[in-house]
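> Below you'll find the structure I mean.
Protein chains: 2
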Amino acid sequence: MLNEAASLDRVFQALADPTRRSMVERLSRGPASVSELARPFAMSLAAIVQHLKVLEACGLVRSEKIGRVRACRLEPQALTAVEQWAGERRRTWEHRLDRLGDYLAEQPDEWDTEDEK
Amino acid sequence: MLNEAASLDRVFQALADPTRRSMVERLSRGPASVSELARPFAMSLAAIVQHLKVLEACGLVRSEKIGRVRACRLEPQALTAVEQWAGERRRTWEHRLDRLGDYLAEQPDEWDTEDEK
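Chains as they are written, first to last, in numbering that gives the first Met the number 0: chain A, 0 to 116; chain B, 0 to 116.
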């Protein structure tokens, strides 16, 4: 928990790149080897491995060598942390708007008051 | 929509910094002036203004000058985009696990088969 902020820093940083977001999207549909991950991209395997290292360093992806193949899979906790962080801020913001609406609804209607005079 | 990926790049990049996440958190509780936003941080007003510019450039925050005060408020759409992006990937991943569970449940139980021999 001490490193929660630092960890969110790295997860958000990792997801700021479109290639890495595509890799996460691919892995959300199931595990893949590095060459399967690389296939849709017009870049070297070395570049993909660099992106993979960033995703592993922040905990979004885990990989393991099985024989001659490196198998990669998504670790959903880091994704959930991002979803929760954004969701909590959005809900706080919406709750504030709701309270503002309640407050305004409780106020006497100035036009009605005007009519009654 | 053409710039949706580029926009997500910038939103994730903006949220990769703990000061900027704290500013978003503060603004989720209601609008604030730049000096109110700066108050909790041990940094210059100029540094806060720089962070504010990053948050505005990606659409997370909007500010407007009212008299001598710059009033800042949260724009929840960018936050929702982050929440949805992460949520969709998580749900795809969970759905895949559910289908795997169903598949395994449909398979004949090897131990039962063994017992029946």
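C-beta atoms are modelled at their ideal positions from N, C-alpha and C, and glycine is treated no differently.
Can the beta-carbon of Cys71/A be found closer than 7 Å to that of Ala31/A?
Within the first sequence, residue 71/A is the residue found at index 72, counting from 1. Within the first sequence, residue 31/A is the residue found at index 32, counting from 1. Yes, the pair counts as a contact, with Cβ atoms nearer than the cut-off.
> DSSP three-state call for Glu35/A: helix, strand or coil?
Position 36 of the first sequence, counted from the first residue, corresponds to residue 35/A. It is helical.
> When Cβ atoms are compared, which residues of the region 69 to 96 of chain A fall closer than 7 Å to chain B?
Those would be Leu73, Pro75, Leu78, Thr79, Val81, Glu82, Ala85, Gly86, Arg88, Arg89, Thr91, Trp92, Arg95, in chain order.
> Any idea what DSSP makes of Leu73/A, helix, strand or coil?
Along the first sequence, one-based indexing puts residue 73/A at 74. Reduced to three states, the DSSP call for Leu73/A is strand.
> Provide the residue span of the alpha helix (DSSP H) that contains Arg25/A, from first to last.
As a first step, residue 25/A must be located in the first sequence, where it is residue number 26. From DSSP, the alpha helix (DSSP H) with Arg25/A extends over 17 to 27.
> For Ala41/A and Leu78/B, what's the separation of their Cα atoms in angstroms?
On the first sequence, position 42 is the one that residue 41/A refers to. On the second sequence, position 79 is the one that residue 78/B refers to. Whole-angstrom Cα-Cα distance: 30 Å.
> Need the endpoints of the alpha helix (DSSP H) that Arg9/B sits in, please.
As a working mapping, residue 9/B is identified with position 10 in the second sequence. First-last of the alpha helix (DSSP H) with Arg9/B: 3 to 14.
> How many angstroms separate the CA atom of Leu44/A from the CA atom of Thr91/B?
On the first sequence, residue 44/A is found 45 positions in, with the first residue counted as 1. On the second sequence, residue 91/B is found 92 positions in, with the first residue counted as 1. Taking the straight line from one Cα to the other gives about 26 Å.
> CB Asp8/A to CB Ala85/B, shorter than 7 Å?
Position 9 of the first sequence holds residue 8/A. Position 86 of the second sequence holds residue 85/B. Cβ distance not < 7 Å, so Asp8/A and Ala85/B don't count as in contact.
> Once the 5 residues before and after Leu54/A are set aside, which same chain residues still bring their CB inside 8 Å of it?
Within the first sequence, the letter at position 55 stands for residue 54/A. If we look at Leu54/A and ignore the five residues flanking it on each side, its Cβ neighbours are Ala13, Arg19, Met22, Val23, Val60.
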